[in-house]
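Written out below as structure tokens is the structure these notes cover.
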């Protein structure tokens, strides 16, 4: 599916008026959930029809998606874990790549990074170590993890003197593309060499965007970086979609930011929106995706809907 230009409809000129004034009445949580199930979604647009995911008779080649936003705390890791689990529920074979030296993705799946002898760092820096040597099974059938720890921070320094340093991740993933349907790369919160590697290896970028005004300010820089990578390193790179996260339908601020996001980016904004909930911190402690920890929760339903949209795109 072709991706609309991220600049389409982008507001220009006048400063954004967020309308941060006291309001008479916001919708209750129950009313907001009812709205999600109706024809008009939280994006303010009619929900688009998403077909049922087709059944697969074989796996691969994988679509590589980079979960990218240089701003921290926007839900990249949470979305990587739960989207991966939801894709696995749809019969897809999924590999999650922890490409952040903090190892949050690994921790979120119950792996203790400092106990690991081999990680993605070894796969990149040591030619004799392959992805198959390091990949681990998770508690979700069909979902696998390529873990990381603080060692990966050294790779960013060591790769500087390497030939083709921006293609290191693409090189190590190439042999396993036919083993998976989706490879989700959880990027670090920066636009450094590791993130450039993820973009150079990816077919698409999924941008989690917190529904908070300051989150909008950094997206232009990210879009510019994506366009440069497309021009210079990876002509196939597209923006798969923008995922609004930490949305609170009861607050005027969240709704105003949502309206600005849709105005700026149009159809590439997913209809699925991830609401704020206490369930997500609980799943991190449990080391499981929300689709297993709280399978009937609104968060689990949202990530299942997101998986359907991703497959459709």
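Numbering (my numbering), first residue to last: 1 to 313. Quick reminder that beta carbons are idealized off the backbone N, C-alpha and C, glycines included. Please read all numbers here as calculations on a predicted model, not as lab measurements.
Looking only at C-alpha atoms, which of the options sits nearest to residue i?
i: residue 284; options: 202, 150, 234 and 105; result: 105
i: residue 147; options: 157, 166, 126 and 134; result: 134
i: residue 294; options: 156, 86 and 202; result: 86
i: residue 145; options: 287, 291 and 308; result: 287
i: residue 184; options: 268, 98, 120 and 246; result: 98
i: residue 207; options: 192, 259 and 223; result: 223
i: residue 44; options: 66, 113, 132 and 261; result: 261
i: residue 53; options: 88, 132 and 292; result: 88
i: residue 155; options: 122, 171, 181 and 163; result: 122
i: residue 243; options: 111, 219, 251 and 282; result: 219
i: residue 179; options: 226, 161 and 131; result: 131
Taking Cβ positions, are residue i and residue j nearer each other than 7 Å?
i: residue 298; j: residue 274; result: no
i: residue 173; j: residue 165; result: no
i: residue 202; j: residue 64; result: yes
i: residue 109; j: residue 138; result: yes
i: residue 237; j: residue 230; result: yes
i: residue 312; j: residue 50; result: yes
i: residue 266; j: residue 240; result: no
i: residue 213; j: residue 257; result: yes
i: residue 74; j: residue 210; result: yes
i: residue 276; j: residue 246; result: yes
i: residue 68; j: residue 307; result: no
Would you kindly work out how many angstroms separate the C-alpha atoms of residue i and residue j, rounded to a whole number?
i: residue 72; j: residue 189; result: 5 Å
i: residue 216; j: residue 269; result: 13 Å
i: residue 248; j: residue 187; result: 25 Å
i: residue 296; j: residue 128; result: 44 Å
i: residue 153; j: residue 101; result: 5 Å
i: residue 193; j: residue 151; result: 15 Å
i: residue 39; j: residue 103; result: 39 Å
i: residue 233; j: residue 167; result: 8 Å
i: residue 112; j: residue 136; result: 12 Å
i: residue 36; j: residue 305; result: Its pLDDT being 46, under 50, residue 36 is placed unreliably in this model, and the coordinates cannot settle the point.
i: residue 124; j: residue 196; result: 14 Å
Which one or two residues does DSSP pair with residue i in a beta bridge?
i: residue 96; result: 145 and 184
i: residue 204; result: 65 and 238
i: residue 245; result: 210
i: residue 269; result: 242
i: residue 40; result: 46
i: residue 275; result: 247
i: residue 137; result: 144
So residue i and residue j are in contact, right, with Cβ under 8 Å, and what is the actual spacing, rounded?
i: residue 92; j: residue 271; result: About 20 Å; that fails the 8 Å criterion.
i: residue 142; j: residue 176; result: With 8 Å as the limit, residue 142 and residue 176 do not qualify as a contact, their Cβ atoms being about 15 Å apart.
i: residue 96; j: residue 81; result: 7 Å
i: residue 66; j: residue 198; result: 4 Å
i: residue 78; j: residue 280; result: 5 Å
i: residue 116; j: residue 149; result: 6 Å
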